[in-house]
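What follows is a short report on a single structure.
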Amino acid sequence: MNVIVNQQIETWINDHLDLYNYAIQAGDLEWQQSILKQLSRKDEYIKSLQEKQLKRQLWGQFDQINQKLLGLFDEMRSHSQNETYMKSIQLQMWELKRQRLEIVKQIKSVNP
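No gaps in the numbering here: position 77 of the sequence shown is 74 in the numbering used here, and each next residue is one more.
Structure representation (structure tokens):
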């Protein structure tokens, strides 16, 4: 987990504990039970945050690959006379497209 996700988890837990203490002071048993139920789902919340973070990272990789592909397209336009260089660029593009497809599979496998 990265630092941002850890901070979000810590804040979420602290906020719920503060609310629980306030519910105790208010004498609201129903509210206390509701907060305890939410706290018992902490692992689900953590998993959700981790999945969102993973998706952000994967989309970042996807965007980087797209930028590389755009750069290679530009190179193809400017070096269209050099057949050997063009084949090299095409091979690079195929590899980037393969990587991009792999990233799409990973993105689809993440729940949120």
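Note that CB positions come from ideal geometry on N, CA and C, so glycine has one too.
Tell me which same chain residues have a C-beta within less than 7 Å of the C-beta of Ile6, skipping the five on either side of it?
-> Hits under 7 Å: Ile43, Leu46.
Looking only at C-alpha atoms, which of Gly24, Tyr17, Leu51 sits nearest to Asn(-1)?
-> Looking at the Cα atoms, Leu51 is the closest of the given residues.
Compute the Euclidean distance between the alpha carbons of Ala23 and Ser31, then round it to the nearest angstrom.
-> Cα to Cα, Ala23 sits roughly 14 Å from Ser31.
Just reading off the alpha helix (DSSP H) that Arg53 is part of, what are its end residues?
-> 39 to 75 is the extent of the alpha helix (DSSP H) around Arg53.
Write down the C-beta distance between Met90 and Leu66 rounded to the nearest angstrom, noting that I regard them as a contact closer than 8 Å.
-> About 6 Å; that satisfies the 8 Å criterion.
From this set, Asn79, Asn63, Val107, which residue's C-alpha is nearest Leu93's C-alpha?
-> Cα-wise, what sits closest to Leu93 is Asn63.
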